[in-house]
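One structure below.
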Amino acid sequence: MDPDPLQDPRCLVTTEALVVDGANGVCRDARVGDASVLRAASWIVGAALVVAWWRAERLPRRRRVAVVVALATMAALPGWYALLAVRADSPSHVAESARDVHRLHDGLRDFARRHGCAEVTVDACTGCAPIARLALSDLICATPASIELHEDALEVGCLEHEARLVCGTER
Amino acid sequence: MLLLSLHLALPLFLASILVGALADRLLGGPLASLVQGPPRGASGLVTRPILLAIVGLSLLLAGLLHPLAALALVALHAMLRRWTRGEGAAPAPIPHADHDVRGGSRLVTLGAAVLAIALRPDTPIYWDEHVWLAKARLGPLALRAAALDPDAPIIPRGYPILGSLAESLFASLQTDLPALTAGAAALVGLALSLVIVLLTPRGRLAWSVAMLTMPLVWVHLRSAQLDLVVGLLALALLRTLDRARTDRRALHASLAIAFVLAGTKDEGLAHVLALAAAHVLTSSEPRARLAEASLVLGGALASFATFHVLLALHGVSNDDHNLSLAGLTQLGAIVLELARAATDVASFGFAWPIVLGLGTLALARRDASAVTLLLQALLLGAGLVAGTEQLVAFTLDGTVAARLLVQLAPIACWLVACAIVQSLDRGRPSDEREIDVNAPRL
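Residue numbers (our numbering), protein chains in the order written: chain A, -4 to 166; chain B, 347 to 788.
Here you go:
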């Protein structure tokens, strides 16, 4: 069985994971991270160390500032690495992700326009929900045509079967 | 690439400048109080259009929201005009020495910011981008009508609409994806530009570096999410309030910013409340500051209250943001979730422990940005606790905390920037300091 792309512990390497969680964190900490007392305490300890360092009067001010800036910069590197080399919106992958989103959006919108409007009747693709909402937002009619969003809709695209649009693979 | 569609934002940008210029003239030219350096120098030529644009945009959006909102905003400006008549004919120097009267570093920073935004893809990618743009796609009038219609298929229902209204207008009312994305990017760009022109030169550099140590901010900068816009407007409001301590005419800009901030997201009102309270609490003349804070709060209520009264009159409720205290039973889990987000190294590096450490030191000096940040965090946290089960579920699911931290990031980074600049300036004579920690409290 294929692993669920939304549970991928790496940093949002699929378009769907990016759509769902791309703005909630650089990687998947929001889903798989540990919200523990220990972790909260580490924050306080980190802050206390910063205070102690900042007030270390025997050291030159410039050195104190430089160390804090260097620490902040180094700590940001894993995030920047994920943004620049790992995530599906990194420079080398972003065009592909944008194309996936654009293709699904345009497919849904063109279909809905031709039928007056459309509604999602099968909703098995979490990341497709906001794209469908945007694609169909200003199209309203009395008898909406049917759209099926299957799990792999973003990768596979859509095929029209009469008044039904099937996106992804029917199982 | 979005660069090719950004020209669509020009008509609204120019219209906003025009309306802002007209308002500025009628009000006696108060925005000059925020221009650091000669008004006709490069600094003035860079700063002034951006200030005019936010004032003009607030008036245009007020007119679209409801005539009463526009009337309230105009009345507040008129009241302030009467209040400050005769004050500050010659603008006082900016409280923090500004060595960048030519505006060179502003231009460089603005250019880099515009480039970063313009090189994003011309398609929305993240979840909430689609949500806000789905509303923008309706167009201003249809969006306003749908937002006040309890049966309209608008999701989520009852959320403020100024952000989507602005995005639609910046997209020149076009509805294709590149145009809508350009509209959203223009709104982010305006908020960022506003901050850049209101910061002091070395503070601006330190702030930019501090923001870059929070990688998630980069994601939001290049998206149509509204959290960074809210945070940037909050910092801009902090800076104009700071300026208003020596020249009250700067409050005209504060009014405009507060109006847009409180009308963009519900959290906006919490930010304005925090800023207004900190403005009073950090002054040695709290009574004088109370009137200024009330005025700014009035600007925020002109959009927030107008919209929520309209919602109530039309029978529309915001099921996510109603008060229900559902978070009380999950208080511990919410606190741990906020701590989790703040210690997410990939998203924020080591930035939040630094903010907490330096913020604690600044708080002891009653520093305005530290007090503001504390109040912002408390109010947003209280909002989570006082919220609905749905909001608590969103929070514990990991989709809220990081976004709230993005909203807090601009002021948090300004706090760090001030600490760094002050520390480096400590050996200098006070008149050469950019941010003088020993300056008399006003």
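The C-beta atom is built at its ideal place from N, Cα and C for all residues, glycine as well.
Just so you know, these numbers come straight off a predicted model, no measurement behind them.
Cβ neighbour criterion (16 or more within 10 Å) applied to residue i
{"i": "B/R635", "result": "buried"}
{"i": "B/H353", "result": "exposed"}
{"i": "B/A517", "result": "buried"}
{"i": "B/H442", "result": "In this prediction, B/H442 has a pLDDT of 43, which is less than 50 and means its spatial position is unreliable; nothing more can be read from the coordinates."}
{"i": "B/P439", "result": "In this prediction, B/P439 has a pLDDT of 47, which is less than 50 and means its spatial position is unreliable; what the coordinates show is noted afterwards. Looking at its Cβ environment, which holds fewer than 16 other Cβ atoms inside 10 Å, B/P439 is exposed."}
{"i": "A/D24", "result": "buried"}
{"i": "B/H445", "result": "Caution applies to B/H445, whose pLDDT of 48 falls short of 50 and renders its modelled position unreliable; the model cannot decide the point."}
{"i": "B/R787", "result": "In this prediction, B/R787 scores a pLDDT of 49, lower than 50, which makes its location untrustworthy; the coordinate-derived value is nonetheless stated afterwards. So B/R787 counts as exposed."}
{"i": "A/I135", "result": "exposed"}
{"i": "B/A435", "result": "Reliability of the predicted coordinates at B/A435 is poor, the pLDDT of 47 falling under 50, and the value obtained from them is presented with this limitation in mind. Exposed is the call here."}
{"i": "B/A402", "result": "Sequence check: residue 402 of chain B is Gly here, not Ala. Classification for B/G402: buried."}
{"i": "B/L372", "result": "exposed"}
{"i": "B/M425", "result": "exposed"}
{"i": "B/V454", "result": "exposed"}
{"i": "B/N784", "result": "Low local confidence applies: a pLDDT of 45 at B/N784 is under 50, so the model's placement there is unreliable, with the coordinate-based value given in what follows. The residue is exposed, with fewer than 16 neighbouring Cβ atoms inside 10 Å."}
{"i": "A/H156", "result": "exposed"}
{"i": "B/A723", "result": "buried"}
{"i": "A/R104", "result": "buried"}
{"i": "B/H660", "result": "exposed"}
{"i": "B/S630", "result": "exposed"}
{"i": "B/I757", "result": "buried"}
{"i": "A/I39", "result": "exposed"}
Where the beta strand (DSSP E) containing residue i begins and where it ends
{"i": "A/L144", "result": "140 to 144"}
Pair within 8 Å by beta-carbon distance, residue i and residue j
{"i": "B/S649", "j": "B/G609", "result": "yes"}
{"i": "B/L730", "j": "B/G673", "result": "yes"}
{"i": "A/L99", "j": "A/C123", "result": "yes"}
{"i": "A/A70", "j": "A/L7", "result": "no"}
{"i": "B/H405", "j": "B/L419", "result": "The sequence as given places Leu at residue 405 of chain B; His does not occur at that position. Contact flag set, yes."}
{"i": "A/G20", "j": "B/A748", "result": "yes"}
{"i": "B/P547", "j": "B/S451", "result": "yes"}
{"i": "A/C120", "j": "A/A93", "result": "no"}
{"i": "B/P486", "j": "B/L515", "result": "yes"}
{"i": "B/S539", "j": "B/L456", "result": "yes"}
{"i": "B/A714", "j": "B/L584", "result": "yes"}
{"i": "B/W473", "j": "B/E513", "result": "no"}
{"i": "B/N664", "j": "B/G504", "result": "yes"}
{"i": "B/G509", "j": "B/L578", "result": "no"}
{"i": "B/Q676", "j": "B/L725", "result": "no"}
{"i": "B/S379", "j": "B/R589", "result": "yes"}
{"i": "B/L682", "j": "A/A30", "result": "yes"}
{"i": "B/R568", "j": "B/L526", "result": "no"}
{"i": "B/I603", "j": "B/I400", "result": "yes"}
{"i": "B/V752", "j": "B/L562", "result": "yes"}
{"i": "B/G375", "j": "B/V381", "result": "no"}
{"i": "B/S600", "j": "B/L581", "result": "no"}
{"i": "B/D690", "j": "B/T734", "result": "no"}
Extent of the continuous alpha helix (DSSP H) run through residue i
{"i": "B/L659", "result": "632 to 659"}
{"i": "A/S37", "result": "32 to 49"}
{"i": "B/H476", "result": "473 to 482"}
{"i": "B/R427", "result": "413 to 430"}
{"i": "B/A492", "result": "486 to 493"}
{"i": "B/D522", "result": "From DSSP, B/D522 is part of no alpha helix (DSSP H); its letter is neither H nor E."}
{"i": "B/G374", "result": "B/G374 -> no alpha helix (DSSP H), and no H or E assigned at all."}
{"i": "A/S87", "result": "Counting along the chain, A/S87 falls outside any alpha helix (DSSP H), and DSSP gives it neither H nor E."}
{"i": "B/I463", "result": "450 to 464"}
{"i": "A/M69", "result": "56 to 76"}
{"i": "B/S469", "result": "It is worth fixing the name first, because residue 469 of chain B is Thr in this sequence and not Ser. Careful: B/T469 lies outside any alpha helix (DSSP H) and carries neither H nor E."}
{"i": "A/E52", "result": "It is not in any alpha helix (DSSP H) - A/E52 carries neither H nor E in the DSSP assignment."}
{"i": "B/P502", "result": "That residue, B/P502, is in no alpha helix (DSSP H); it is neither H nor E in DSSP."}
{"i": "B/H625", "result": "613 to 627"}
{"i": "A/D29", "result": "Run containing A/D29: none; DSSP gives neither H nor E here."}
{"i": "B/L352", "result": "Here B/L352 belongs to no alpha helix (DSSP H), and DSSP marks it neither H nor E."}
{"i": "A/T10", "result": "10 to 16"}
{"i": "B/L551", "result": "547 to 558"}
Residue i Cβ short of 7 Å to the ligand ZN heavy atom set
{"i": "B/A492", "result": "The ligand ZN is not among the ligands present in this structure, which contains no ligands whatsoever."}
Taking the runs of the beta strand (DSSP E) that are 3 residues or longer, which of them lie wholly in the stretch 105 to 166 of chain A?
113 to 118, 140 to 144, 153 to 156, 159 to 162
Which ranges would you report for the alpha helix (DSSP H) in the stretch 731 to 760 of chain B if only whole runs of at least 4 residues count?
735 to 742
Length-filtered (3 minimum) beta strand (DSSP E) runs lying within the stretch 565 to 610 of chain B:
none
Ignoring anything shorter than 4 residues or poking outside the stretch 676 to 716 of chain B, list the alpha helix (DSSP H) runs there in chain order.
677 to 688, 691 to 694, 697 to 710
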